[in-house]
Amino acid sequence: MNPLQKIAALLCLIFASANQLMAQPMTESWNEPDPVIESSESNDEFNDVDVDAVFDRIVDEKKSLVRDGAYDRVGAKDKVTLAYDDIREADVFWSKRIWREIDVRQKRNLSFASKEQPLIAVLFSIMRDNPEVKLYTDDSFTEEYSKQDLVNKLELSSTVEVYDIETDQYIQKQVANDFNPQEYQKYRLKEDWIFDEEAGQMVCRIVGIAPIRDVIDENGLMRGQEALFWMHYPGIRDYLVKFESINPQNDAIRLTWEDIFEMRFFDSQITRESTADSRRIKDYATGREAARESEEIKQKVFNFEHDLWSY
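Taking our numbering, the leading residue of the sequence shown gets 1037, the next gets one more, and so forth.
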């Protein structure tokens, strides 16, 4: 290839890159675009991505070089979880399994999507720093989900072909894609409501938690929603207590994420209850009918405990 042909190929590459950038939508990204990670001429080298490096980009912990405040905040680091009261099967007078969804766009749930530390970043931080934490493919926790498969599913790394002027060939380079926490606008909870006859009260025990994301096809159309992964909630309580959430009323008193879940400081909507067919509400009701059905399930649980007492 003569010098004129090389220049023509370089110009074509520049124009193609410019058109591709203009075609991309202007969205607010959580992180700045990362540089090229490495290059290679084979796709085989990109099958296994550095999971820890990807998690570091998602968590994006940037510590201040000075003390940012009038005093040091160390309260959350010393907090520990309180052990649950042991419930014997013989003392379980009544039980109901419930699935619910938390929409972070609701006013009471804005802390779940705060720019400072959204819940999705907290979950990834727990996974990164604690290898013993397991992920699961469904809410029955029957199959483990590897963190490598999770990174591949997130598509946070992709391979592109780039023209190399020096070698006069197209080479493959692995580039890092942005992670946008705003895509995760819902979280799904699986919980058991139990009336403990020995304690004489209704207790709620969260069993699992899963972030929900929209499924977009190659044409940009939404095809539904899916749970990115499931985590066994009792297994991460000791880690959630180490992370503080935003308190818009008082910065001096902040609740941990474990406090938020245990004290029920969130709004949610019931999406399913344990029945013979275990149908989701949206499978047989939509709109106001679905909201009414969700409220009826909630009221049924409340009325069961209320009706046990005599006044």
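For every residue, glycine included, the Cβ atom is placed at its ideal position computed from N, Cα and C. These numbers were taken from a predicted model, which means no experiment stands behind them.
The three-state secondary structure of Ser1330, taken from DSSP, is helix.
Residues of the same chain with a CB within less than 8 Å of the CB of Glu1219, apart from the 5 flanking positions on each side, are Arg1249, Asp1250 in chain order.
Residue environment analysis places Tyr1120 among the exposed positions, since fewer than 16 neighbouring C-beta atoms fall within 10 angstroms of its C-beta. Judged by DSSP secondary structure, Met1299 falls outside any alpha helix (DSSP H); it is assigned neither H nor E. In the displayed model, Phe1279 falls within coil according to three-state DSSP, outside both helix and strand.
Within the DSSP bridge table, the entry for Gly1236 names no partner. Secondary structure at Tyr1320: coil, using DSSP grouped into helix, strand and coil. Ile1242 and Asp1088 have their C-alpha atoms roughly 28 Å apart.
Counting C-beta atoms within 10 angstroms of its own C-beta, Pro1247 has 16 or more neighbours from the protein chains shown and is therefore classed as buried. Residue environment for Met1258: exposed (fewer than 16 other C-beta atoms within 10 angstroms of its C-beta). Closest in alpha carbon position to Asp1127, among Phe1338, Lys1318, Glu1233, Ile1138, is Glu1233. In the DSSP assignment, Gln1184 falls within the alpha helix (DSSP H) that extends over 1183 to 1190. Leu1190 and Val1140 have their C-alpha atoms roughly 20 Å apart. Per the Cβ contact rule, the region 1268 to 1283 is in contact with the region 1291 to 1304 (3 or more Cβ pairs under 8 Å).
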